[in-house]
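Structure record follows, encoded as structure tokens.
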Amino acid sequence: MDQDINRTVAVTLDGSASSDRDGDTLSYTWTQTYGPDVTGGAMLSGPTQSFTAPNQVSTVMFELEVSDGTSSSTDNVQINIFEEAMATLFVDGDSGNHDSGDGSRDAPFASISAALSAIGSSPLDIYVMSHTQSYDETAATLNVPTGTSLYGGYDAGWVRDVTTNKTWVSGHHQALTLMDVDEPAWVSGFDIYAADSTAPSDDIWGLFANRGTATLYIEDNLIDAGDVAAGAAETAGSSYAVLLIGLDSAEIRDNNMSAGNGGDGAEGTDGENASEGDRGNNANGRSPGVGGTDLGSGHSGGSGGKGGLPSVIIFIGDGANGESGEGPLGGTGGKDAYDQCLLWSEVDIFGERRCKHRKAEDGGHGGGGSTGLSGLGGNSFGNVSSGFVPSNGRDGQRGGHGSGGGGGRGGDGVGAIFVYYSGGGGGSGGQGG
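The sequence shown runs 103 to 535 under our numbering.
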């Protein structure tokens, strides 16, 4: 007779109801045919046998052969091991029904969301049969209450296989959330896909757990998170396969998880203007003064946009680079030495006099500073099995400082006999000869 039991309890196999019409002496052989080994690989004999149930939710099956020495017959026994056999809800996407289903094995619900909605004040665990298609749970996040576990990987006979028969769930872009894990909880035997987000500022997660004094067990799952929507955002969204915050304890075993791309950071702000170039040297005599040579001191280029954080507790996806900030503007050119004529020619035949030297001119503006470097995106880890917990991806770095604008070229200096002039772009007045 099949049995539903809790983990780690004593199980008794009983074939004593077998009989032989001739009254012959019967022999009994018990052979385990499925599930975690509970016999040490040995065949068991006798009308009754006992063993301790495994410590994991699973299915154990035995074949009983009864023989009178001449002929024999066989029967199969299925032992269903639950977290708590008296606190179960069942989901069958193929034959379950939202209206008539009550969550029993004979009248299961048709969706995980319906089973979650049926949980009242007392915690119940949910056991999910693998669907011929995926469970469509894209309409809303599946919010799992305190004390509830989710177990997938069941076939039509409620035999559990988490290796080759994971239960496929197509989820919302924030697929599964557990808040206040204050009682031990399991998420096991699922293939969860979190959809792409619809806004560049939205985070994505396959599984998110926040706070809790008990242990969360994440075992035997495939969890994939989609990509954050295209477009820049002031706070770019991130993609997480699994995100755990504020838990006292978590154990993650035999999973394969991957995250999508994070969002693009917003454009960096413009850099400040470079400062004005220095004044030029004074000139000697009639030789032109040398223009100002110092470069304007550059200011920082704008901060590069923050790349999205496509990080997960287990894996990190590729974050897009932030866009570069604009470089600083160039410095203002040096001022001219002097813009009046100091030495005139004789009056010509037209009654005009001409200046015998070139007047100083203002220096040109310095060139613009170079564009700040783009911010770096979040780091990316490859796809590895769970058990490795790296830190989150980091924000993009600030853009580098823009180059300062070059100083303006000073105007040509003017020298005059025995006159000393101090020019902004010209040099020191020379001594006449």
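Glycine included, every Cβ here is placed at the ideal spot set by N, Cα and C.
Contacting residues, own chain, Cβ-Cβ under 8 Å from residue i (five flanking each side not counted)
i	result
Thr-110	Thr-154, Ala-155, Pro-156 and Asn-157
Glu-285	Pro-225, Thr-248, Gly-249 and Ala-316
Asp-122	Leu-128 and Asp-170
Lys-268	Ser-232, Gly-254, Gly-255, Gly-291, Phe-292, Asp-293, Asp-322, Asn-323 and Leu-324
Ala-119	none
Same chain only: Cβ atoms within 6 Å of residue i, ignoring 5 sequence neighbours per side
i	result
Asn-323	Phe-292 and Asn-357
Gly-362	Ala-327, Gly-328, Asp-329, Ser-341 and Gly-419
Asp-263	Gly-255
Asp-194	Pro-210 and Met-231
Val-289	Leu-252 and Ile-320
Thr-279	Thr-243, Asn-245 and Phe-310
Trp-270	Ser-236 and Asp-293
Buried or exposed by the 16-neighbour rule on C-beta atoms within 10 Å, applied to residue i
i	result
Met-145	exposed
Glu-353	exposed
Thr-127	exposed
Met-188	exposed
Pro-302	buried
Asn-182	buried
Gly-222	exposed
Ser-213	buried
Glu-336	exposed
Gly-117	buried
His-275	buried
Ala-287	buried
Residue i at chain B interface by Cβ criterion, 8 Å
i	result
Glu-321	Of the chains in the structure shown, none is chain B; there is only one protein chain.
Identified DSSP bridge partners for residue i
i	result
Met-359	Ile-325
Ile-347	Asn-312
Arg-262	Tyr-256
Leu-318	Ala-287 and Ala-352
Ser-152	Thr-114
Ala-296	Gly-273 and Ala-327
Asn-267	BP columns for Asn-267 are empty, so no partner.
Asp-106	Asn-182
Asn-245	Thr-279
Residue i versus residue j - alpha carbon distance
i	j	result
Thr-141	Thr-135	11 Å
Ser-272	Ser-160	24 Å
Asn-196	Thr-234	In the sequence under discussion, the amino acid at residue 196 is Asp, which differs from the Asn named in the question. Using only the alpha carbons, I get a separation of about 7 Å.
Gln-105	Arg-355	28 Å
Glu-186	Ser-206	14 Å
Ala-216	Asp-298	23 Å
Gly-125	Ser-147	19 Å
Arg-313	Ala-332	31 Å
Glu-369	Val-246	38 Å
Ile-347	Ser-174	59 Å
Leu-345	Thr-371	31 Å
Glu-167	Leu-218	42 Å
Ala-343	Ser-360	6 Å
Ala-296	Ala-277	5 Å
Thr-240	Tyr-229	20 Å
Gly-259	Gly-339	42 Å
Neighbourhood of residue i by C-beta distance below 7 Å, restricted to the same chain and skipping five residues each side
i	result
Gln-151	Leu-115 and Trp-132
Gly-137	Ser-160, Thr-161, Val-162 and Met-163
Thr-547	Because the chain is modelled from 103 through 535, residue 547 falls outside the range shown and cannot be assessed.
Three-way DSSP call (helix, strand, coil) for residue i in this model
i	result
Leu-146	strand
Ala-212	coil
Leu-218	helix
Thr-114	strand
Val-230	strand
Leu-578	Within the shown structure, residues of the chain are numbered from 103 to 535, placing residue 578 beyond reach of any answer.
Gln-158	coil
Val-283	coil
Met-163	strand
Val-140	coil
Glu-186	coil
Gly-367	strand
Glu-353	strand
Ala-332	coil
Gln-180	strand
Thr-133	strand
Glu-374	coil
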